[in-house]
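Engineer: Below: one structure in C-alpha cells.
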Amino acid sequence: MKDTKQQWFKDAKFGLFIHWGLYSILAGEYRGTKTDKIAEWIMNYLDIPVEEYEKLAEEFDPTQFDAEFIVRKAKEWGMKYIVFTSKHHEGFAMYHSKCSPYNVVDATPCKRDILKELKDACDKYDMKLGLYYSQAQDWHDPDGYVAKKDNSQKDYRAYLDRKCLPQLREILTEYGEIALIWFDTPLGTTKEESQEMYDLVKSLQPNCIVSGRIGNGLGEYMTTADNFIPRLPFEGDWEAPSTINETWGYNKDDHNWKSPEELIQLLIKINSRGGNYLLNIGPDGKGHVPDECMEVLDKVGAYVRENEEAIFGTKRLPYYPYDVLWGDLTCKEHYLYAHVFRKVRRIEILNINNKVKRAYLIRTGEELPVTVGKSCEGDGFIDIKVPERLEDEAYYCVALELEEEMPIFESIKE
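Read the sequence shown against the UniProt record's numbering and you will find it ends at 414, with the numbers running on by one and no gaps.
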C-alpha cells in the first residue's frame, strides 16, 4: 500500500495540472498536418526533426501568461496544489536551466523564468507547487529515450549524468520548497536508476513526494493511467491525472470539453474511492487558457467551495455494494455525505449499519428530516426528505452526522 506520509496530500483531493511548452505554439498542427492524438506529443507522432522543432523556441513569447491569475483561479476552483511541467518529453525546460541552453530564458525572446513566476505566485497565495519532470523521455537530447522508437543505440547513462540528474538538482535547490516531483513514462529506466533519482530527490528535499511514475515500484503514491479511475475503493494514497477535453497540451481544434456536471461527478467518484483528482489545463502559445475551459472550471469551483466540507479531508469510502442512482457518497470518521446529482424528492441510502444523529444541507446548515429503519429486505435504511424548494434542483450535498465511526455498511444478505 502506497503512503506519502504527508497529511496535506491525503486531504487535498483536488489539484491543478498545467501542461505548457513549445508544443502549445503548434496547437496540434505542423505544416498543415494535424495530429489526431494528444497535442503535447506532436513532435513524436509527426516525426518532427529536432532541428526544426527547436526553432519554435524563437517564437515563444507568452505575453498573456499571468502566474498570479492562474494561482488565484486555482484557489477559487478549490484546488489545493498545482503540478507544472518543468520539462516535458520535448526536452524544453520551462525554467532557467544552467545545464542546458534549451530553456525558456536562454532560447526564447520572452526571457522569463516561468517556473519562478509560478513559484512566487504559489508562495504568495499559499498554494503547494509540484513539478512534472520527464526523467526518461527527452526527444531533444540525443541520448534521451523516445517512446515508440528504437532506443538501442542510446547512451541513457550519459543523458542521466548530463541533463536529467543535474536538472532535478536545479529545480529542487533553486526554487524553494517543492511539494512533489511528478515523474512520467520511465520506459527502460532500471530499478537502480529509478532508485538513484528517488534518493536524489529525498537528499535535497526529504518532504518532497515522489510520484508513482518514477517507475519500478518506487513511488510514494499510485498514479493511475491517464483518465482512468479504479473501479473499487483503493487503499493507500493515489491520484487520477485527467484532462478536461481530449488533450493535455493546447490543441486549437479540440473543443470537446467535459461539462461541469461531468467533472463534479468524476471528482466525487475519485474522492469516494480515496484518491485525488489532478485536473489539467493547457495554455496556448501566448499563455492564455481557453475561455471555455475557464468557464467550465468556474462552475466546478462553485460546487467545490459550497461543499468543501464533503470533499477535503474525506476518507476512502468502505466498499459499498449498491449503485447510488441519485448521486454519490463521500465520508469522514463520523460523517457520511450524500452528493445529489439529479432531481429527487427523497434521498434513500440502503445497507446502513449505523445510527444517524442528524442530517443537514451543507450550503445552508439547514437540518433535514431523516428516518432510520429497516427496508422490506431487512437492511438498514436511511430516508431523508428533500425540502420542496430543492425538488427541482440537482448538484447539492447533504451531510449525515453519525454516532459511530466508519465503516457503516452491512454486508449484502443472501
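Idealized CB from N, CA, C, for every residue including glycine. Since this is a predicted model, take the numbers as computed values, not measurements.
Going by C-alpha distance, which of LEU172, ARG358, PRO321 and ILE48 is nearest PRO206?
Structural biologist: Working through the sequence shown from its first residue, we reach residue 206 at position 206. Of the candidates LEU172, ARG358, PRO321 and ILE48, the one whose C-alpha sits nearest the C-alpha of PRO206 is LEU172.
Engineer: Using beta-carbon positions only, say whether THR243 and ALA39 come within less than 7 Å of one another.
Structural biologist: As a working mapping, residue 243 is identified with position 243 in the sequence shown. As a working mapping, residue 39 is identified with position 39 in the sequence shown. No, they are not a contact pair.
Engineer: For GLU414 and GLU377, I'd like the C-alpha separation in whole angstroms.
Structural biologist: The sequence position of residue 414 within the sequence shown is 414, counting from 1. The sequence position of residue 377 within the sequence shown is 377, counting from 1. Because GLU414 carries a pLDDT of 48, less than 50, the predicted location of this residue cannot be relied on, and no value is offered for it.
Engineer: Roughly how many angstroms separate the alpha carbons of TYR396 and GLU348, rounded to a whole number?
Structural biologist: Position 396 of the sequence shown, counting from 1, holds the residue named residue 396. Position 348 of the sequence shown, counting from 1, holds the residue named residue 348. Between TYR396 and GLU348, the C-alpha separation is close to 15 Å.
Engineer: Which residues bound the alpha helix (DSSP H) around LEU95?
Structural biologist: As a first step, residue 95 must be located in the sequence shown, where it is residue number 95. The sequence shown places Tyr at residue 95, not Leu. Where TYR95 is concerned, there is no enclosing alpha helix (DSSP H), given that its DSSP letter is neither H nor E.
Engineer: If you compare alpha carbons, which of TRP257, MET294 and GLU220 is closest to GLN195?
Structural biologist: Numbered from 1 along the sequence shown, position 195 holds the residue referred to as residue 195. Nearest of TRP257, MET294 and GLU220 to GLN195, Cα basis: GLU220.
Engineer: Exposed or buried, what is ALA107 when buried is set at 16 or more other beta-carbons lying within 10 Å of its beta-carbon?
Structural biologist: Numbered from 1 along the sequence shown, position 107 holds the residue referred to as residue 107. Result: buried.
Engineer: Do the stretch 263-271 and the stretch 327-347 make contact, defined as three or more Cβ pairs closer than 8 Å?
Structural biologist: Touching, per the Cβ criterion.
Engineer: Once the 5 residues before and after GLU366 are set aside, which same chain residues still bring their CB inside 7 Å of it?
Structural biologist: As a first step, residue 366 must be located in the sequence shown, where it is residue number 366. Cβ neighbours of GLU366 beyond the five flanking positions: TYR360.
Engineer: If ILE382 and VAL398 are in contact, beta carbons under 8 Å, what's the gap, nearest whole angstrom?
Structural biologist: Position 382 of the sequence shown, counted from the first residue, corresponds to residue 382. Position 398 of the sequence shown, counted from the first residue, corresponds to residue 398. About 10 Å separates the two Cβ atoms, so there is no contact after all.
Engineer: Are the Cβ atoms of GLY15 and ASN276 separated by less than 7 Å?
Structural biologist: Counting from one through the sequence shown, the residue named residue 15 turns up at place 15. Counting from one through the sequence shown, the residue named residue 276 turns up at place 276. In contact: GLY15 and ASN276 (Cβ atoms closer than 7 Å).
Engineer: Measure the CB-CB distance between TYR133 and LYS87 and report whether it falls below 7 Å.
Structural biologist: Within the sequence shown, residue 133 is the residue found at index 133, counting from 1. Within the sequence shown, residue 87 is the residue found at index 87, counting from 1. Yes, they are a contact pair.
Engineer: Per DSSP, ILE222 is paired with what?
Structural biologist: Translated into the one-based positions of the sequence shown, residue 222 becomes position 222. It should be pointed out that residue 222 corresponds to Met in this sequence rather than to Ile. Per DSSP, TRP238.
Engineer: State the Cα-Cα distance for the pair MET1 and ILE178, rounded to the nearest angstrom.
Structural biologist: By 1-based counting over the sequence shown, the position of residue 1 is 1. By 1-based counting over the sequence shown, the position of residue 178 is 178. Straight-line Cα distance between these residues: approximately 24 Å.
Engineer: Comparing C-alpha positions only, which one of GLU117, GLN167 and VAL105 sits nearest to residue 432?
Structural biologist: Examination of residue 432 is not possible in this model, given that the chain is present from 1 through 414 alone.
Engineer: Can you find at least 3 beta carbon pairs, one from the stretch 146-157 and one from the stretch 116-129, that sit closer than 8 Å?
Structural biologist: Contact fails: fewer than three Cβ-Cβ distances are below 8 Å.
Engineer: GLU41: which of GLU90, TYR53 and GLY212 sits nearest, CA to CA?
Structural biologist: By one-based count along the sequence shown, residue 41 stands at place 41. Residue identity check: residue 41 is Trp in the sequence provided, not Glu. TRP41 has its Cα closest to that of GLU90, out of GLU90, TYR53 and GLY212.
Engineer: Taking only the alpha-carbon atoms, compute the straight-line gap between ARG273 and ARG231 and give it to the nearest angstrom.
Structural biologist: Looking up residue 273 in the sequence shown gives position 273. Looking up residue 231 in the sequence shown gives position 231. Roughly 8 Å between the two C-alpha positions.
Engineer: Measure the beta-carbon distance from GLY287 to PRO62 and round it to whole angstroms, keeping in mind my assumption that it falls under 8 Å.
Structural biologist: In the sequence shown, residue 287 corresponds to position 287, counting from 1. In the sequence shown, residue 62 corresponds to position 62, counting from 1. Between PRO62 and GLY287 the Cβ distance is about 3 Å, and since that is below 8 Å, they are a contact.
Engineer: Please state if the CB of PRO318 and the CB of VAL296 are separated by a distance shorter than 7 Å.
Structural biologist: The residue labelled residue 296 in the question sits at position 296 within the sequence shown. The residue labelled residue 318 in the question sits at position 318 within the sequence shown. Contact flag unset, no.
Engineer: Around the Cβ of ASP328, are there at least 16 other Cβ atoms within 10 angstroms (buried) or fewer (exposed)?
Structural biologist: Position 328 of the sequence shown, counted from the start, is the residue given in the question as residue 328. So ASP328 counts as buried.
Engineer: So, does the stretch 74-86 touch the stretch 130-147, judging by three or more C-beta pairs under 8 Å?
Structural biologist: Output reads yes: the stretch 130-147 touches the stretch 74-86.
Engineer: Counting C-beta neighbours from all protein chains within 10 Å, is the total for LYS258 16 or more, i.e. buried, or is it exposed?
Structural biologist: Locating residue 258 in the sequence shown gives position 258, counting from the first residue. Its Cβ being crowded by 16 or more others within 10 Å, LYS258 is buried.
Engineer: For GLY144, I'd like the list of residues in its chain whose CB is within less than 7 Å of its CB, leaving aside the five on either flank, ordered along the chain.
Structural biologist: Here residue 144 refers to the residue found at position 144 when the sequence shown is read from its first residue. Within the same chain, GLY144 has close Cβ partners GLY91, GLN137, ASP138 and TYR159.
Engineer: LYS13 and ASN271 - do their beta-carbons sit closer together than 7 Å?
Structural biologist: On the sequence shown, position 271 is the one that residue 271 refers to. On the sequence shown, position 13 is the one that residue 13 refers to. Against a cut-off of 7 Å, the Cβ pair of LYS13 and ASN271 comes out as a contact.
Engineer: Determine the direct distance from the alpha carbon of LEU180 to that of GLU401, and round the result to whole angstroms.
Structural biologist: Here residue 401 corresponds to residue number 401 of the sequence shown, with the count starting at 1. Here residue 180 corresponds to residue number 180 of the sequence shown, with the count starting at 1. So the alpha carbons of these two residues sit roughly 34 Å apart.
Engineer: Restricting to Cα atoms, I'd like to know which of GLU308, GLU54 and PHE60 is closest to ASP141.
Structural biologist: To locate residue 141, count along the sequence shown from 1; it is residue 141. Here the closest residue by C-alpha is GLU54.
Engineer: What is the DSSP secondary structure of TRP182, reduced to helix, strand or coil?
Structural biologist: Locating residue 182 in the sequence shown gives position 182, where the first residue counts as 1. In the structure shown, TRP182 sits in a strand (DSSP, three-state: E or B).
Engineer: Would you grab the beta carbon distance between ARG345 and VAL386 for me? Rounded to a whole angstrom, and I think it's under 8 Å.
Structural biologist: Here residue 345 refers to the residue found at position 345 when the sequence shown is read from its first residue. Here residue 386 refers to the residue found at position 386 when the sequence shown is read from its first residue. About 6 Å; that satisfies the 8 Å criterion.
Engineer: Using the C-alpha atoms, what's the distance from VAL104 back to LYS34?
Structural biologist: Start at 1 with the first residue of the sequence shown, and residue 34 comes out as number 34. Start at 1 with the first residue of the sequence shown, and residue 104 comes out as number 104. Computed Cα separation, rounded: 25 Å.
Engineer: Report the rounded CA-to-CA distance for ASP379 versus PHE234, giving the unit in angstroms.
Structural biologist: Stepping through the sequence shown from its first residue, residue 379 is reached at position 379. Stepping through the sequence shown from its first residue, residue 234 is reached at position 234. About 25 Å.
Engineer: Classify PRO369 as buried or exposed, calling it buried when 16 or more other Cβ atoms lie within 10 Å of its own Cβ.
Structural biologist: For the purposes of this step, residue 369 is taken as the residue at position 369 of the sequence shown. PRO369 should be labelled exposed.
Engineer: Since I believe PRO241 is in contact with LEU187 (beta carbons under 8 Å), could you give me their beta-carbon distance rounded to a whole number of angstroms?
Structural biologist: Stepping through the sequence shown from its first residue, residue 187 is reached at position 187. Stepping through the sequence shown from its first residue, residue 241 is reached at position 241. Actually they are not in contact, since the Cβ atoms of LEU187 and PRO241 sit about 18 Å apart, beyond 8 Å.
Engineer: Among ALA302, PHE17 and THR189, whose alpha-carbon lies nearest the alpha-carbon of LYS128?
Structural biologist: Position 128 of the sequence shown holds residue 128. With distances taken between Cα atoms, LYS128 lies closest to PHE17.
Engineer: For LEU325, which of ALA310, GLY313 and LYS343 has the nearest alpha-carbon?
Structural biologist: Taking the sequence shown and counting its residues from 1, one reaches residue 325 at position 325. If we check each option's Cα against that of LEU325, LYS343 comes out closest.
Engineer: LEU218 to TYR95, Cα distance in whole Å?
Structural biologist: Within the sequence shown, residue 218 is the residue found at index 218, counting from 1. Within the sequence shown, residue 95 is the residue found at index 95, counting from 1. Their backbone Cα atoms lie some 27 Å apart in a straight line.
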